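Notes for the one structure printed next.
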Amino acid sequence: MSDPDGDWPSPAIAWGSVAALLLAYIVSFADRQILSLLVGPIKADLQISDTQFSLLAGLAFAIFYTVMGLPFGRLADRASRRLIVVVGTLAGGMAAAACGLANSFAALFGGRVFAGTADAALGPSVFSMLADLFPPASRARAFSVYSLGIYFGAGLAFGAGGLVVGAVAENPQVTLPLIGTVQAWQAVFLVIAAPAFLLAPFLLLLPEPVRRGRAETPEQLRVRETLRYVWTRRALFGPWFFGFGIVVLANFATLAWTPEFFIRRHGVSPRDAGVQIGLIMAVAGSVGVLAGGWFADWLASRGRRDGTLIAGALACLGGMVPGVMFPLVDDPALAKALLAPLFFFGAFASGAAPSAIGAVVPNEMRGQVSALYLLVINLLGIGLGPTLPALFTDFLFGDEAKLGLSLALTAAITGLPSAWLLHRARKPYLAASQR
Numbered sequence: 061m062s063d064p065d066g067d068w069p070s071p072a073i074a075w076g077s078v079a080a081l082l083l084a085y086i087v088s089f090a091d092r093q094i095l096s097l098l099v100g101p102i103k104a105d106l107q108i109s110d111t112q113f114s115l116l117a118g119l120a121f122a123i124f125y126t127v128m129g130l131p132f133g134r135l136a137d138r139a140s141r142r143l144i145v146v147v148g149t150l151a152g153g154m155a156a157a158a159c160g161l162a163n164s165f166a167a168l169f170g171g172r173v174f175a176g177t178a179d180a181a182l183g184p185s186v187f188s189m190l191a192d193l194f195p196p197a198s199r200a201r202a203f204s205v206y207s208l209g210i211y212f213g214a215g216l217a218f219g220a221g222g223l224v225v226g227a228v229a230e231n232p233q234v235t236l237p238l239i240g241t242v243q244a245w246q247a248v249f250l251v252i253a254a255p256a257f258l259l260a261p262f263l264l265l266l267p268e269p270v271r272r273g274r275a276e277t278p279e280q281l282r283v284r285e286t287l288r289y290v291w292t293r294r295a296l297f298g299p300w301f302f303g304f305g306i307v308v309l310a311n312f313a314t315l316a317w318t319p320e321f322f323i324r325r326h327g328v329s330p331r332d333a334g335v336q337i338g339l340i341m342a343v344a345g346s347v348g349v350l351a352g353g354w355f356a357d358w359l360a361s362r363g364r365r366d367g368t369l370i371a372g373a374l375a376c377l378g379g380m381v382p383g384v385m386f387p388l389v390d391d392p393a394l395a396k397a398l399l400a401p402l403f404f405f406g407a408f409a410s411g412a413a414p415s416a417i418g419a420v421v422p423n424e425m426r427g428q429v430s431a432l433y434l435l436v437i438n439l440l441g442i443g444l445g446p447t448l449p450a451l452f453t454d455f456l457f458g459d460e461a462k463l464g465l466s467l468a469l470t471a472a473i474t475g476l477p478s479a480w481l482l483h484r485a486r487k488p489y490l491a492a493s494q495r
């Protein structure tokens with residue numbers, strides 16, 4: 061069903077939907093990111109290296125998270141997006157529980173693959189729904205609010221995980237009803253899985269928005285037609301997608317290793333690292349993502365339709381300085397203070413980025429193009445982000461104590477390329493948005 065010129069949903073319905081989808085994203089991201097607080101216990105229990113751990117944090121999750129995005133994107137263009145979100149949320153909770161029951165590297169790797177597959181369902185459907193809930197003038201703000209899930213989710217994972225780790229610090233094993241005795245890190249996964257099962261029934265109450273801007277074609281566009289559409293506009297989509305992909309790479313490198321860096325370098329306890337970093341991330345990241353969306357909409361209201369790309373390029377440069385500095389300073393308080401601008405600019409750059417798709421892509425392929433966008437940014441971000449610092453640590457420096465140098469090097473080599481690519485995408489984006 062298409063209604064390109066009809067009335068938009070009321071603010072109550074539109075923003076109520078955003079709130080529900082935000083909760084789903086928070087739960088999903090908490091399930092995804094909890095691993096970063098458990099580096100030490102998992103490495104000790106499973107006897108693995110930094111690089112092997114990075115594969116659990118990155119590659120295992122990214123394999124099907126990226127590949128399954130395309131079929132889920134096609135499904136989002138033709139089926140109930142609400143039901144896709146509900147099923148994805150339930151499956152994400154099951155995947156987190158499976159990770160909590162894993163007792164080997166292979167089993168945990170499989171659980172992370174399952175988690176990536178489940179989480180892949182959310183992005184294309186949510187992006188498509190938000191584009192049909194909000195007119196272009198306020199769309200970036202809606203996407204920015206949804207993107208708060210990254211920072212609230214990671215903050216929840218670090219904060220709640222830190223409290224659980226602290227509570228069981230005296231006893232590395234926990235006995236749970238119906239399950240038996242598990243390691244403390246496994247118990248954290250099981251606890252963090254529960255909210256998904258509580259939230260999923262409420263997501264069934266979401267309205268399915270009317271599809272807008274859909275061409276009157278007799279059948280859905282095939283994947284190869286979408287790929288041809290993107291390829292013929294590669295001067296736009298190439299630097300746009302890869303520019304934001306490098307932004308996400310830098311963000312996930314920081315998310316994956318910052319708690320462990322403070323544990324190794326500054327002797328911070330896992331509990332304090334989780335709670336303190338989680339709080340900084342939730343506050344600074346949330347302010348950044350809202351500021352980025354507001355800034356992009358402010359530019360759009362003044363005729364700058366490329367506002368999301370301008371915001372992204374500026375934030376790449378702003379985040380590079382604290383990204384290089386925080387792992388190198390000797391004072392732990394100063395290092396934590398530098399995390400605030402780092403998380404702010406990381407969120408500022410990417411929060412409103414998906415909203416740009418709605419301005420240049422027809423409705424009937426938005427889900428699939430969104431899936432391609434997610435494929436690129438997540439192959440780079442989730443697939444390579446956690447692994448790049450680990451490779452530097454294990455093979456360039458050859459010393460786990462040099463994790464800080466690895467994080468600083470990662471920030472140094474990602475800031476300028478991402479800013480340049482996003483700047484390069486501005487001209488073709490403006491041309492496409494005028495058609």
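Residue numbers (the working numbering): 61 to 495. We treat Cβ as the ideally placed atom computed from N, Cα and C, and that holds for glycine. Model, not experiment: these values are computed from the prediction.
Task: Exposure of G367, with buried meaning 16 or more beta-carbon neighbours within 10 Å - done: Here residue 367 refers to the residue found at position 307 of the sequence shown. Under this definition G367 is a buried residue.
TODO: Jot down the residue ranges of each uninterrupted alpha helix (DSSP H) in the segment 173-216, minimum 4 residues, whole runs only, in chain order.
DONE: Runs found: 182-193.
TODO: Let me know the secondary structure DSSP gives G327 once reduced to three states.
DONE: Taking the first residue of the sequence shown as 1, we reach residue 327 at position 267. Three-state DSSP puts G327 in coil, outside helix and strand.
Task: Collapsed DSSP secondary structure at L238 in the structure displayed - done: Looking up residue 238 in the sequence shown gives position 178. Coil.
- [ ] Check whether the segment 459-471 touches the segment 123-133, taking contact to mean three or more Cβ pairs, one atom from each stretch, closer than 8 Å.
- [x] The segment 459-471 is not in contact with the segment 123-133.
TODO: My understanding is that G153 touches L309, with C-beta atoms under 8 Å, so please give their C-beta distance in whole angstroms.
DONE: Here the question's residue 153 lines up with position 93 in the sequence shown. Here the question's residue 309 lines up with position 249 in the sequence shown. Not quite, the Cβ-Cβ distance comes to about 27 Å (not below 8 Å), so this is no contact.
Task: Residue range of the alpha helix (DSSP H) that includes D459 - done: As a first step, residue 459 must be located in the sequence shown, where it is residue number 399. Segment: none, D459 is in no alpha helix (DSSP H) and carries neither H nor E.
Task: Rounded C-alpha distance that separates A360 from W354 - done: Working through the sequence shown from its first residue, we reach residue 360 at position 300. Working through the sequence shown from its first residue, we reach residue 354 at position 294. The alpha-carbon of A360 is positioned some 10 Å away from that of W354.
Open item on the list: Would the segment 142-158 count as touching the segment 223-239 if we require 3 or more Cβ pairs under 8 Å?
Closed with: The segment 142-158 makes no contact with the segment 223-239, as fewer than three CB pairs between them are under 8 Å.
Open item on the list: For D105, report the span of its alpha helix (DSSP H) as first-last.
Closed with: The residue you call residue 105 lines up with position 45 of the sequence shown. The continuous alpha helix (DSSP H) containing D105 extends over residues 99-106.
TODO: Let me know if R284 comes out buried or exposed under the rule of 16 or more other beta-carbons within 10 Å of its beta-carbon.
DONE: One-based indexing of the sequence shown puts residue 284 at position 224. Its Cβ having fewer than 16 others within 10 Å, R284 is exposed.
- [ ] Tell me Q243's beta-bridge partners as DSSP assigns them.
- [x] Within the sequence shown, numbered from 1, the residue matching residue 243 stands at position 183. Per DSSP, Q233.
Task: G153, enclosing alpha helix (DSSP H) - first and last residue - done: Along the sequence shown, read from residue 1 onward, the residue named residue 153 stands at position 93. 141-161 is the span of the alpha helix (DSSP H), which, as asked, contains G153.
Open item on the list: Once DSSP output is grouped into helix, strand and coil, what is the label at R138?
Closed with: Taking the sequence shown and counting its residues from 1, the one referred to as residue 138 is at position 78. Three-state result, R138: coil.
TODO: Would you mind sorting R294 into buried or exposed? The rule is 16 or more other CB atoms within 10 Å of its CB.
DONE: On the sequence shown, residue 294 is found 234 positions in, with the first residue counted as 1. Under the 10 Å beta carbon count, R294 is surrounded by fewer than 16 other beta carbons and is classified as exposed.
- [ ] Classify F124 as helix, strand or coil using the three-state DSSP reduction.
- [x] Working through the sequence shown from its first residue, we reach residue 124 at position 64. In this structure, DSSP gives F124 a helical state, which the three-state scheme calls helix.
Open item on the list: According to DSSP, is P422 part of a helix, a strand, or is it coil?
Closed with: Reading the sequence shown from its first residue, position 362 is the one you call residue 422. Coil, per DSSP.
Open item on the list: Within 8 Å, do at least three Cβ pairs link the segment 115-123 to the segment 238-245?
Closed with: Not touching, per the Cβ criterion.
Open item on the list: Which residue wins for smallest C-alpha separation from G219, given the options L98, I417, R486?
Closed with: Start at 1 with the first residue of the sequence shown, and residue 219 comes out as number 159. In terms of Cα proximity to G219, the closest of L98, I417, R486 is L98.
TODO: List the whole-angstrom C-beta distance separating L258 from P69, where the pair is believed to meet the contact cut-off of C-beta under 8 Å.
DONE: Residue 258 sits at position 198 when you count from the first residue of the sequence shown. Residue 69 sits at position 9 when you count from the first residue of the sequence shown. Approximately 26 Å separates the beta-carbon atoms of L258 and P69; this is outside 8 Å, ruling out the contact.
TODO: Find out if the Cβ-Cβ distance for the pair T474, I306 is shorter than 9 Å.
DONE: Residue numbering aside, residue 474 sits at position 414 when the sequence shown is read from its first letter. Residue numbering aside, residue 306 sits at position 246 when the sequence shown is read from its first letter. Against a cut-off of 9 Å, the Cβ pair of I306 and T474 comes out as a contact.
TODO: Drop a sphere of 10 angstroms on the beta-carbon of P71, count the other beta-carbons inside from all chains shown, and report buried for 16 or more, exposed for fewer.
DONE: For this step, residue 71 is matched to residue 11 along the sequence shown. It is exposed - the Cβ of P71 has fewer than 16 other Cβ atoms within 10 Å.
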